[in-house]
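Structure first, commentary second.
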Amino acid sequence: MKNKMKWMLAVGLLSCSVAMAQQQSDILSVSASANAENAALAFDKNVKTMWTLPSQALKAEQWLMFTIQQPGDVCELDLQMQGISRSELKDALDIFVTYDPMNLGTPVNYQVEGNDKQMKVKFTPKYGAHVKLNFKPGKVDKPFSLKEISVLVAEKVLTDSKGKVTDRRYMDASLPVEERVESLLAVMTPEDKMELIREGWGIPGIPHLYVPPITKVEAVHGFSYGSGATIFPQALAMGATWNRKLTEEVAMVIGDETVAANTKQAWSPVLDVAQDARWGRCEETFGEDPVLVSQIGGAWIKGYQSRGLFTTPKHFGGHGAPLGGRDSHDIGLSEREMREVHLVPFRYAIRNYDCQSLMMAYSDYMGIPVAGSKELLQQILRQEWGFNGFIVSDCGAIGNLTARKHYTAKDKIEAANQALAAGIATNCGDTYNNKEVIQAAKDGRIDMENLDNVCRTMLSTMFRNELFEKNPCKPLDWKKIYPGWNSDSHKEMARQAARESIVMLENKDNLLPLAKTLRTIAVLGPGADDLQPGDYTPKLQPGQLKSVLTGIKEAVGKQTKVLYEQGCDFTNPDATNISKAVKAASQSDVVVMVLGDCSTSEATTDVRKTCGENNDWATLILPGKQQELLEAVCATGKPVILILQAGRPYDILKASEMCKAILVNWLPGQEGGPAMADVLFGDYNPGGRLPMTFPRHVGQLPLYYNFKTSGRRYEYVDMEFYPLYRFGFGLSYTSFEYSDLKIKEQPNGNVTVLATVKNVGSRAGDEVAQLYVTDMYASVKTRVMELKDFDRVHLQPGESKTVSFELTPYDISLLNDHMDRVVEKGEFKICVGGMSPDYKANNEIKHSVGFSDKKKGVSGMLNYTHEFGANFNLSISKVEENLTKNQKTVWVSVKNEGSLMDIGKVEMFIDGIKIGDAIHYELGAGEEKLIPFKLNKDSKQPVAFTTKYKMVAL
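Reading the sequence shown from the start, the letters are residues 4 to 957 in my numbering.
Printed below as a string of structure tokens:
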């Protein structure tokens, strides 16, 4: 066939013949609603075997679905049938062709040719990897069979924009990336361009142009699609480890399992700074501090990308501080707050790890929805930080520009234009793939320059990463457990990560660790035998999650009796039997209670989730009847150990008073139960530290450690200001002491900080040495304290180590009253300890910052003598005239002749009128950037270029 290639789908081989290549492949999967065990017989190239639908089954809707090896433009199905006529088939059958098996879209409009035994079902080519034959109920009342199916996929003749056959220069890998991009753009139709930026479980690609697909996965704490991959602790738990190296190693393992599944891109990690515990997505973050999030998130990116994969940091930006903790309800963050806190982790990741994609947020930036913010997505992300990858929309975010949410666009066409102008290249949602939007692209109502620009970001990423030459992506077989998934070594890594994430908040009378020879242990609570792994978890394999109850039973000897009662459900007040739990507690020597959140796989639908995406919790009181259960059990007088299995801080004030011990194991991954048993019985010494502040009451929120000074009082009339457990806090089975603080200002302005930490207890253990800085006096209000660095160290009993940190001038810089980044000379308080410092919430609060127990941390003053700041020089570098267009390009040079990296922007004025958008930059000391501006060649009007403090005229 000249213009089509024929793929004979069979359980054996699939043969594909094209002008430029030949390939063989298998069917990935076949499924059916009825008689599923025989579904494959429709593809075995044997007309004597078949898939049959009995008449009884036809009273309900039935279907057959199969996945082809290589996605393509499906245009025809050849069906060998028995027991059904052409007209009956036409009346009963809907056909869906899709790349996304979870989103079928609309059925194709087809015609049936041939005879009743061999039918040719033809339709306009539609791209996809999955074909679903859907038989409508009640249309046929007699049994029929499908003997064989073959699929025809169209091969298009390639032409350029003028209709001439192209030589496909973009397929020449020796050409520069930019030339390949422009060569490909020249032959792409508006429909092709819209197809390129459509998202359907990844980037579908364009087969007739040889544009490859990019398969993706959510990988916040493991490969989250299909079933059978290793489930690691949720991100907040990884934040609690304060361990860069461990996080990098975990991400490497997730990367290995991603590679095994022929997937290229992860929509992870989450780099939001979580400032409100009510927000359901706290669990997906690394905590409340921008440095902690930057360092742990950066380690995750480094590890995952080391496997040749793409990361997609999200949700850019300001997503972690929603109003009232309600997801995506914008609080109106200022530029100062964004640049001091919420943009910090993204800037760090983009500038240090060359991320190839990034996901924008549902939230706003300076009053503009991020989906339409050119300032955030173009001027800051690309122009300041140098991001050269492609931007992914969070799902539905572009459509939200319409009356569905934000009312900045009257329809999806206008929404698409706003998003394209902002530079969003991949639409997870219903806008770029909308029929009216595609038609608008064809008839010129979509801005083609903006569309071309976002296609350039996508194509340049593909060419730069050699995906046209060696693309590893294949459609996921959702039923397959891929080689290497959940191996023994991966399970051990998950267990170690869970161990290191556990934070001990209370251990009164040194109740812990427990002896394995206890006579009776009661294990109670809805989470005791129902481990919660967190959202973005794959479909669970039987027995994959190992609960705390399982871990305890495996750890103790035969002489120990373990009693178990659920006591209550996570949320259902009717599923309660507190009396049984109280009875079990009364019969025990010690009680272990596992309470907290319900947050699990999206495949688990028969539960009410209390945490995770779009599951915000208003009160921070333990859900359901859990608080009542806790109080009833504590009333027995038995020593109670509370294990908080949660994706956020909760109000556990009463628990802190009633319980003998409290441990937080977060959402600990599949090995969380054995890991907790390791800690309970002393086989592992807990060393996790809080990545988020625990409040005394929800009324204190938002409550985070790095606040700014108050203009009046700090406390309420009816409640003190202080948190219940502060950021960075965590207990151990041993004790650590700090001494010998040394602070030195270097000639280049760097500051070295050294301190000695010693294990003064009888057990080996991990300490997290944390460096905090307080800028005592400044030209603007600064935070009471800020984390600047940390180091998790392992110490044997009696062992000492010197922890060493080095701060650069940028690390102690601030944004002054002109929003210029400067370093001001003066006093800085330096604190190093095992938690964030104490303070007295009163007047002169900065003076009080330090450690009340001098052995738990050391503090000192630095009289800093350097000053740093940027000084941008502006000049005309060159003027280029275009000989084919009435146009010239003015290249403006901006050079930082100062001593500190900072940002700025250049604007062009013609005859005193500002023309076009400002061009942003961020330059370090000595760095220069050339910025092009285009002008009418014959214009005689005066032209000037300005920055905040400089101007140059043409």
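We put the CB at the ideal spot given by N, CA and C, even for glycine.
- Annotated as proximal: GLY231 and TYR485, with beta-carbon spacing under 9 Å.
- For the pair LYS93 and VAL115, the CB atoms are nearer than the 9 Å cut-off.
- Cβ-Cβ distances below 7 Å link LYS62 to PRO140, GLY141 in the same chain, with the five nearest sequence neighbours on each side left out; the list follows chain order.
- Between VAL667 and VAL506, the C-beta spacing is below 9 Å.
- Following the DSSP letters along the chain, one finds TRP54 inside the beta strand (DSSP E) bounded by residues 54-56.
- Relative to the Cα of SER839, the nearest Cα in the group LEU774, ARG467, MET822 belongs to LEU774.
- The three-state reading of DSSP puts GLY929 in coil, since its state is none of H, G, I, E or B.
- When beta bridges are read from the DSSP output, CYS476 appears opposite no residue.
- Contact between the stretch 631-643 and the stretch 702-713 is absent, with fewer than three C-beta pairs closer than 8 Å.
- Within the model, the alpha-carbon separation for LEU384 versus VAL347 is close to 12 Å.
- Rounded to the nearest angstrom, the gap between the Cα atoms of ARG201 and HIS345 is 29 Å.
- For PHE390, the closest C-alpha among the options ALA42, THR460, SER331, MET451 is that of THR460.
- Of the candidates PHE948, VAL897, GLY901, PHE948 places its Cα closest to the Cα of GLY919.
- Between the alpha carbons of MET911 and VAL783 lies a distance of about 31 Å.
- Rounded to whole angstroms, the Cβ separation of PRO812 and ALA767 is 38 Å, and the two are not in contact under 8 Å.
- A distance below 6 Å between beta-carbons, with the five flanking residues on each side excluded, links GLY258 to the following residues of its chain, in chain order: TYR307, ARG310, LEU312.
- Secondary structure at ASP81: strand, using DSSP grouped into helix, strand and coil.
- Leaving aside the five residues that flank ASP619 on each side, the residues in its chain whose CB is nearer than 7 Å to its CB run, in chain order, ARG281, TRP282, GLY283, GLY328, ARG329, ASP330.
- Around the Cβ of LYS129, a 10 Å sphere holds 16 or more other Cβ atoms; the residue is buried.
- In the DSSP assignment, TRP669 falls outside any beta strand (DSSP E) and carries neither an H nor an E.
- Taking C-beta atoms as the reference points, LEU67 and SER88 fail to come closer than 9 Å.
- Contact between VAL184 and LEU479 fails: their C-beta atoms lie close to 28 Å from each other, not under 8 Å.
- Under the three-pair Cβ rule at 8 Å, the stretch 688-707 does not count as touching the stretch 564-575.
- Inter-residue distance for GLU660 and VAL720 is about 22 Å (C-alpha atoms, whole angstroms).
- For HIS211, DSSP assigns no beta-bridge partner whatsoever.
- Residue pairing for PHE739: DSSP places it in a beta bridge opposite ASN762.
- Between GLY528 and LEU423, the C-beta gap is not smaller than 9 Å, which leaves the two residues out of contact.
- If you look at VAL440, you'll find it isn't in any beta strand (DSSP E); it sits in the alpha helix (DSSP H) that goes 438-445.
- Here DSSP, grouped into helix, strand and coil, assigns MET465 to helix.
- Of the residues ALA240, ASP103, LYS123, the one whose Cα lies closest to the Cα of LEU647 is ALA240.
- Boundaries of the beta strand (DSSP E) around CYS834: 829-836.
- In this structure, DSSP gives MET255 a helical state, which the three-state scheme calls helix.
- The alpha helix (DSSP H) runs of length 4 or more contained entirely in the stretch 644-721 are, from start to end of the chain, 656-661, 675-683.
- In the structure shown, SER309 adopts coil according to DSSP, grouped into three states.
- For the stretch 77-122, the full-length beta strand (DSSP E) segments reaching 3 residues or more read 96-101, 113-117 along the chain.
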